[in-house]
Structure formats: structure tokens, C-alpha cells
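Some notes on the structure that comes next.
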Amino acid sequence: SFFNNRFAGTITKNAVGFTRRFENFFDTIAMEIFTNFLPTIFALVVLAMISPILALTLFGMVFTGILIIKPLISKRLVLVKDREDKHAKLAGHISDIVTNIGTVKAHGLEDRELVTHNHHSRVYTAAALKSWSYQNNRIDMVISPFYVMTNVLGLLIILSMGIDNHTKASLFIAFNYYANITRFLWAFSGIYRRLEEALAEGSLFVQYTLEPTKVVDRTSTKLVVTEGRIEFNHVDFSHSSKKLFDDLNISISPGEKVGLVGHSGAGKTTIVSLLERFRDVDSGAILIDRQNIAEVTQTSLHHAISYVPQEPSLFHRSLRENIAYGKQDAREDEIIRAAKQANAWDFIEELPDKLDTMVGERGVKLSGGQRQRVAIARAILKDAPILVLDEATSALDSESEKLIQQSLETLMHGRTSIVIAHRLSTIAKLDRIIVLDQGKVIEDGNHSSLLTKNGTYAKLWHHQSGGFIEE
194 SFFNNRFAGT ITKNAVGFTR RFENFFDTIA MEIFTNFLPT IFALVVLAMI SPILALTLFG
254 MVFTGILIIK PLISKRLVLV KDREDKHAKL AGHISDIVTN IGTVKAHGLE DRELVTHNHH
314 SRVYTAAALK SWSYQNNRID MVISPFYVMT NVLGLLIILS MGIDNHTKAS LFIAFNYYAN
374 ITRFLWAFSG IYRRLEEALA EGSLFVQYTL EPTKVVDRTS TKLVVTEGRI EFNHVDFSHS
434 SKKLFDDLNI SISPGEKVGL VGHSGAGKTT IVSLLERFRD VDSGAILIDR QNIAEVTQTS
494 LHHAISYVPQ EPSLFHRSLR ENIAYGKQDA REDEIIRAAK QANAWDFIEE LPDKLDTMVG
554 ERGVKLSGGQ RQRVAIARAI LKDAPILVLD EATSALDSES EKLIQQSLET LMHGRTSIVI
614 AHRLSTIAKL DRIIVLDQGK VIEDGNHSSL LTKNGTYAKL WHHQSGGFIE E
């Protein structure tokens, strides 16, 4: 729910901003602003009144200093541009992960993505350190001597004026103001910039870290699947104060292929969400081979389940990486075999870069049918004992639909399968069909027996619109 309630771009911006906060924070001494800003304004006025020559000298030196450091600033801008380029790549990676967080969690690969993120973070940090080093070792090495020269010049002006005892005190005060003003003018712009960035970038991300994690591992026990039996025992579940399930009981035998049918809001997707433990039940238990999924690690649970979503989520990576996402050590021949079984190899083979083809963000370079076949190939290669399939609702051409149906039959073979159905024709051949209405099981049986009952399923079968269940 944390990711469902936030824009991915906002999370990305704040997450990356948090990594930069330390550079800005430690370069900023906030109290300097409050202790020096107003006194400096006052000192400028007093200096101009006491010694116009010193005031003009100060402004002249500041102008000269700007001309001197301008080339150095141009060089630093090149380094800053490189730093921001690395920053953008880091932000892009985080955005990719946030966009596909469901796929990451479903495959139990949070640790792998953390390793990849750490790599991008180190690259960015190296670029940031290079920029910081240039600022401190080159620019500051010019500014510091110039700052001293400005003060020395002011002192020489006072000594060369040939003043008498009557004016010594006032000019000494003027020089003191002069020196303090020069120090603060050199530092003020950088202090202000860093302070603003530190406060803005740091505070927003801290708010995220303070939010409690709703689903946590209670033990370190790993799920061991030997058969693939699934049981919902007296499950109660509420969401946003609304009761969705009240004493829900469902039992699915090992290797059984079960379709979930019902209008929108009946509870089909919530059942899958609870099985994957994206949310915890209020009471009751969900068992896999008599093991309570709340008492095993989430990673081991997700490794045991292959999930093919309604709209497949692909990373902006190669086809090879997308197919092998659930099995990182897959060999080339295994990837190709899975692609062939998913009827995806024919279109992959026609691409110039074949498996090395980049699919674009969320797979935008592929058609809807191609994305679905890649997702099916991923599930085939993962070879988990339990399959959860949220059937696609998007209309496909007849050829793509036929290929996908063939791929799904291959995928479901030998696996305990749960299919969320949006068109009844695709589940008529399943072993069993469960009809849900407002979180309750109202019918349960195979296609023929449910038609004979002439109940809700039969009405849906006879009244489905364009092959889809009317919502």
C-alpha cells in the first residue's frame, strides 16, 4: 500500500535527494546565516559612511574576483554535469524498481535489486566526490589567497592614508568591518545554496523512513513446497475499514487448476494479494502444504509462486534479462527453451538484437501480446510449483490470443494454478471454477456442473459481452 499511494517520480526524487543531503548538510553551517547576515548589512552601511575608499576597494576586489574564478566555475560545471548525469541514472534505476516493485517482490529479489542500486549509488558518489574535490582543491585554493589579498590591500590603503590620532580608531573599526564583510561575501552564496538543498531534500525522505512496515517476516523459517496444496482457513480481511472477507474457506488440491470468477470488487485480486502476502489477513490462516505463510519468510514464499499479472510489467532491460528475472543463473538454452514454450521465440528471433533487444520502459517497444508472452516465458523459466495468473483484459488479435492460450496451457501443466478470469471461455477447461460475490464463495464446481445449476455462473456465461464478463 505504501507504493500504491504515492507517485513513483516523487519517491524517486526524494530517495535520490536523500543521498545528496549529506554533501549539502555538512557543507552548510546554518548558524552563520543568522549570526552574520544582519551584521554584514549593517557593516556595509557603516563602512561606506566611515571610509568610502575602503567600500569602493571592496566592491572592486569582489568584481575582480568574479572575473578570476569564472573559468574555474566553468570547469566545475562540467564536473557537476557529469555528477548530475550519474544522479539521473541512479534516479532512473530507482524509478524502474519502484514502477516494477510488484515483480521484484513476486520473485523475492529485493536483495538483488539492492545490490544493483548500491552499484549505481557508488558510481554517483564517486562523481560527486570528484566535483567536491575540485571545489575544495582548485576553486577554494584560488579564493582563499584572493581573500587574504583583499584584506591586505585594505590594510595597505589605511596605512598609506597618513591618518592622525583623531581618525585611527574609526579607520580601525572600518577595517574590521571590511575584513568581516569580505569573509562573509565569499561564503554566503554557497552557504545559502547548500542550506536550502539540505533542508528540502533531507526532510521529505525522512518522512518515508518513519513509516512502519506493515508486512514483516515473523520468523526465519523458509517455505518448503512438496505438493502445492493451498488452503484459506476461516480468513477475515478488511481494507480501509471495509470488510472484504468474513470466514472465507477455500481448499485447492495439489496440481489443481482453479478459476476465480466474479464481478469487479468480488475479491478475486484480493485473494491473490493475500496469497502472495502483500497484505496480512486480520484473522484465520493461509496455508501452503500445511505451512502458515505468515510464519515463513516472504522471499521463500515468493520463490514458490510464479505470478503473471494482468498487464505484464517489464523492466527497461534486455529480453534476456526480463525472461531470466526469476532465474538469474539461467543458461542461454534454458532461456530460449522457455521463450519457445511461451510462443515468444518467433518474434524474438526476428528482432535485430534478438535476446539482447532493449524493450523500453515497461516494455513499451513490444506489443501487448508480446509482453504477455515474455511474462509467460519468465514464469516458465522460474518453474515455481504454484502459478497465479491474472488473465489479461486487453483485447488481442485472434492470432496473439491463440498463441497466448497455448502458452498458458504449457505454463499450467503440472502446477497448482489459480486463474483470475475475465473471459469465461479461457477457464471452461479448468478443473474447477469458484464464483465469488462480495467476498463470499457462492458457487464452486467445474464448468458443466455450474451450467447445470443455472446460477450466477450460468448467467455470466450466457450474458458475457464480447467474450468478457460484464462488470
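Position 275 of the sequence shown, counted from 1, bears residue number 468 in our numbering, the numbering being contiguous throughout. Glycine residues also receive a C-beta, built at the ideal position from the N, C-alpha and C atoms. This structure is a prediction, so every number in the text was calculated from the model and none was measured.
Classify residue i as helix, strand or coil using the three-state DSSP reduction.
i	result
H432	strand
V238	helix
S476	strand
K652	helix
N536	coil
N373	helix
S444	strand
K558	coil
L437	strand
K666	Because the chain is modelled from 194 through 664, residue 666 falls outside the range shown and cannot be assessed.
S670	Nothing can be reported for residue 670: it is not among the residues displayed for the chain, which extend from 194 to 664.
H280	helix
E306	helix
T490	coil
D522	coil
N344	helix
S413	coil
P245	helix
L260	helix
E469	coil
K407	coil
H495	helix
L544	coil
H286	helix
A577	coil
S326	helix
S506	coil
Going by DSSP, name the residue or residues bridged to residue i.
i	result
N311	In DSSP, N311 forms no bridge with anything.
I481	I423, Q484
L582	V501, V612
L265	According to DSSP, L265 bridges with nothing at all.
L453	I613, I627
I605	Rather than Ile, the amino acid found at residue 605 in this sequence is Met. Answer by DSSP bridge pairing: none, since M605 is not bridged.
M254	In the DSSP output, where bridge partners are listed per residue, M254 has none listed.
M551	S511
Using CA coordinates, which residue listed in the options is at the minimum distance from residue i?
i	options	result
L341	K595, R564, T375	Residue 341 is actually Val in this sequence, not Leu. Selected option, being the one with the closest Cα: T375.
K435	K274, G421, G458	G458
L302	H312, I290, H313	I290
G553	A531, D539, R566, L512	L512
I611	I626, I569, R524, L260	I626
E164	M254, L416, T296	Absent from the structure is residue 164, since the part of the chain shown begins at 194 and ends at 664.
N293	L644, I613, L507, M551	L507
R470	F430, G452, G448	F430
R315	L283, S324, R524	L283
S466	L582, D304, A248	L582
W538	V238, G562, Y650	G562
S618	F256, A651, I579	A651
G347	L247, G421, A531	L247
V501	N311, E636, P264, S600	S600
V308	W325, H286, Q328, S326	H286
G421	K268, R524, K450	K450
V474	H432, M551, F256	H432
H656	H615, L623, F377	H615
I464	E636, E424, K268	E424
R472	V409, T609, N536, P338	V409
V345	A236, H427, T250, S413	T250
E514	G556, S493, E543	G556
L623	G448, S413, V239, T412	G448
D649	S641, H640, E636, S642	Sequence check: residue 649 is Thr here, not Asp. Considering only alpha carbons, the answer is E636.
L580	M605, N311, Y327	M605
Y327	N369, K298, L272	L272
L653	V454, V239, Q491, A241	V454
N373	I597, L237, S642	L237
L416	D482, S476, V428	D482
G437	T419, I445, S476	Here residue 437 turns out to be Leu, not Gly, going by the sequence shown. Per the Cα distances, S476.
R524	E543, E542, L548	L548
May I ask you to check if the CB of residue i is nearer than 6 Å to at least one heavy atom of the ligand NAD?
i	result
A523	Although the ligand NAD was asked about, the structure shown includes no ligands whatsoever.
*4-residue-minimum alpha helix (DSSP H) runs that sit fully inside the segment 609-647, ordered along the chain*: Listed in chain order, they are 640-646.
*Should the segment 439-448 be regarded as contacting the segment 630-639, the criterion being three or more beta carbon pairs within less than 8 Å?*
Contact between the segment 439-448 and the segment 630-639 is present, because at least three Cβ pairs lie under 8 Å.
*Inspect the CB distances between the segment 517-527 and the segment 560-579 and report whether three or more fall short of 8 Å.*
The segment 517-527 is in contact with the segment 560-579.
*So does the segment 556-572 actually touch the segment 483-493, counting three or more Cβ pairs closer than 8 Å?*
They do not touch, by the three-pair rule.
_Closer than 8 Å is the cut-off here; do at least three beta carbon pairs connect the segment 300-320 with the segment 275-284?_
Because the criterion of three Cβ pairs below 8 Å is met, the segment 300-320 and the segment 275-284 touch.
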